[in-house]
Every structure is written in C-alpha cells, then in structure tokens.
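So the structure is just underneath, and the comments pick up after that.
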Amino acid sequence: MNKILLFLLLSFFMADLSSAQNQQIARQGQVSFFSYTSVENIEANNNQVLSIIDYSKSKIAVSMLMRAFVFKKDLMYEHFNESYIESDLYPKANFEGIIIDFDENLASQTKIIKGQLSIHGVTKDIEIKTKIQKNKGNYTLDGEFDVLVKDFKINIPPILASNIAKTIAIKFRFQYQPYEE
Amino acid sequence: MKKSENLFLLIAFLLIAICTYFYVFPLLKNSNEPLTKEVAELTIDANLLVKSFAIDEQKSNELYAGKIIEVTGTIKEITYYNNRTTIILNHKNRNSFGVICDLNHTEEKKSQFLKPNQKIRVKGICKGYLKDVILLNCSIEVLTNE
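Protein chains in written order, with the numbering used here: chain U, 1 to 181; chain C, 182 to 327.
Okay, here's the thing in structure tokens:
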C-alpha cells in the first residue's frame, strides 16, 4: 500500500516536473493599446507583461498590471486608472487561452487563440489571431485585436465620450525564454 | 478711476495666472521625466522587497505600490526588449525572478557600464507584483562592491 502511494506521489511529482520543462516564459512582454478619435489619439504601452506558454498542451496565460501602462500625459494615466479601469479594485488584466491546431515544431505559423480575457472585473470569450515564430527553440508571439469599451463595463462620462474611441486596438508581442525553476 | 482700472487688470492677470497654473499645466504634465530630483519614500533591499510581495501581495501593494522607492541589490542581467533598457535585480527565492527595473531614457547611457553581479541602487515607482516586482521610470546609482 505504502509503495503504491509512494509510486503515485513520485509519478505525480515527475509529471509536474515534465510540465515545467514544456513551458516558456516572457516576463517583459509588450502590450499597447490605441484609441483613435478626431479629438485626440491616446496610446499606452506596458513593457512588463507576464506570459507563460505551455507548448505541449497548447496553453497560454497572460497577466499584466494596469498601473504599468505608460501614457504620454499624466492626465490620461489618471483617467485610465482612476475612472475607467479602477485599478485599485482591478489591478490586473488576465488572459487564458488555448492555441487552436498549434504545431510546436513549425518555425512560423499563424493560429487562432481562443480564450477568456478579464479586464475591469469582466470576463469575456475572445478569439485572437496570432503569429507564432520559433527561433532557436524560443517562441515569439505577436498580433493585434480589437475590444469594445462597453463589453467591459467601462463607463465614460458623456463629456469625454468624443475623446475616447468605442473600439480600442490592442497590440501585443511576447518573446519567450525557457522557464527555469 | 485709473487706479481701480489698474487694480482690475492686476486681479484679472492674477486669476489667469492661477487658472493656468492649476488647470492648464496639469493637462500638459508628463511624468515620464527622470526622478533624479524626487526623494524616495523608503529604501529597501531587493530580497526583502520580493519576499514581502511573495508572502502577502495585498499588504505589500498598500506599502509600496504607487510610491517612489529605492531598491538596493545586485544585477542579474540587463535586457533590451522592445527598445527598453531594463535591469533585473537578483533574488534568492528561486521561484521568483527578482525585481524588474525599467530605466528612464536619460539613464540608458549609464547602463552600458554595468555588469552582472554589480551592486547598485535603483530609484523608481513601484507598480506592483506579477511574478516579479515591477519598478518603472528608474534611475540608477552604482554602489561599491564590499
């Protein structure tokens, strides 16, 4: 009985270990978003986005701090964090998804990632077209997609409605490295 | 008559000046400027900072997030992803990466002379914790290795 238990524990441990070997991590991924209107253009960059990819299971997870977005003007940063995203309540945005038909051996491929995006406490199903490149065993993912402001229950006061686009364009780029525990 | 007119002009001028100061300047303000003149609220060792976040993220956020802090530590590596110069500080806890310090553009030249394991002090705005503690808009100061 004890031996079986030990074996089970050991195999469990081994499985855990092997899953870490199939993972790659990007700690300095880039996510940018753009809002283009006739009144003003708003752009923000976050260069410290965390992402982990498990290429044996075709899984991907992304997490970022909303306060780490850098704007051109302080006032944009304040509005974004205090009025729209409410960063004190929802400090992070997360994404978890599965890469459809992912082939871990191809040097370059364009695939759809299906998953859930959580911003401002609202989770939404989303599909993102992504270019996946493999160079010297390390993956790089990049792409862009659009989100609707109203999908995430973000309230923009009528007086500022003309300054902020209804659709926000989001760009991302993650350069992965082997995940060393 | 003339005196009151002058007084009126003076008051009007003052009002415009005050409005400009309080309403127009903030619109143009851009805090991506270096923090060299700002005084840090506290100084902490990189190990302690990461440990604090790893143990209790919420409490650490209250203590450090949004504040200008100084972190002392040794350099793990310097990275140049997406045209940003970033210094990563070492950390003992192996599950965590350490401290990610995104340098202000004006500080980038200094980073050329830095080497791994060199001891430095970094001043930046603490943004929070993912797997690592994130500091933005950093300025650096080289310390002598003991």
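Backbone N, C-alpha and C fix where the C-beta goes; we use that ideal spot for every residue, glycine too.
| Query | Result |
| --- | --- |
| With 8 angstroms as the limit, tell me which residues of the region 51-80 of chain U have their beta carbon closer than that to any beta carbon of chain C; keep them in chain order. | S63, M64, L65, R67, A68, V70, K72, K73, D74, L75, Y77 |
| For the region 222-251 of chain C, which residues have a CB atom closer than 9 angstroms to at least one CB atom of chain U, in sequence order? | N242, A246, G247 |
| Step through the CB atoms of chain U and report whether any lies within less than 8 angstroms of the CB of T260 (chain C). | yes |
| Closest to E258 (chain C) by CA distance: which of C:K312, C:P297, C:G305 is it? | C:P297 |
| Whole angstroms is fine: what's the gap from A198 (chain C)'s alpha carbon to I164 (chain U)'s? | 30 angstroms |
| At the 8 angstroms Cβ level, is I315 (chain C) part of the contact set with chain U, yes or no? | yes |
| With which residues is T110 (chain U) paired in a DSSP beta bridge? | U:K131 |
| Under a Cβ-count criterion, where at least 16 other Cβ atoms within 10 Å of its own Cβ denotes burial, should I100 (chain U) be classed as buried or exposed? | exposed |
| Over what stretch of residues does the alpha helix (DSSP H) that includes F234 (chain C) continue unbroken? | 227-236 |
| For P158 (chain U), does the three-state DSSP call read helix, strand or coil? | helix |
| Using a C-beta cutoff of 8 angstroms, does P157 (chain U) count as contacting chain C? | no |
| Since I281 (chain C) meets chain U, which of its residues come closer than 8 angstroms, beta carbon to beta carbon? | R27, Q28, Q48 |
| Under 8 angstroms: do the region 154-171 of chain U and the region 21-29 of chain U share three or more Cβ pairs, one atom per stretch? | no |
| Excluding the 5 residues flanking Y176 (chain U) on each side, which residues of the same chain have their C-beta closer than 8 angstroms to its C-beta? | Q24, I25, A26, S51, I53, N138, Y139, T140, L141 |
| For chain U, is any of its Cβ atoms less than 8 angstroms away from the one on K312 (chain C)? | yes |
| At a Cβ cut of 8 angstroms, what residues of the region 164-178 of chain U count as close to chain C, listed as they run along the chain? | R173, Q175 |
| Examine chain U for any beta-carbon lying closer than 8 angstroms to the beta-carbon of N263 (chain C), and answer yes or no. | yes |
| Along chain U, which residues have their Cβ under 7 angstroms away from the Cβ of N213 (chain C)? | V70 |
| Determine the direct distance from the alpha carbon of Y84 (chain U) to that of T253 (chain C), and round the result to whole angstroms. | 35 angstroms |
| Would you tell me roughly how many angstroms separate the C-alpha atoms of K304 (chain C) and K273 (chain C), rounded to the nearest one? | 21 angstroms |
| What residue range is occupied by the uninterrupted beta strand (DSSP E) comprising M64 (chain U)? | 59-65 |
| Determine, using beta-carbon pairs with one atom in the region 104-114 of chain U and one in the region 123-133 of chain U, whether at least three such pairs fall under 8 angstroms. | yes |
| Measuring only the C-alpha atoms, how far is I236 (chain C) from K136 (chain U)? | 36 angstroms |
| Would K308 (chain C) pass as an interface residue toward chain U - the criterion being a Cβ-Cβ separation below 8 angstroms? | yes |
| Since Q175 (chain U) sits in a beta bridge, which residues does DSSP pair it with? | U:T140 |
| Quick one, which of U:V49, U:F152, U:L106, U:S32 has its alpha-carbon nearest E86 (chain U)'s? | U:F152 |
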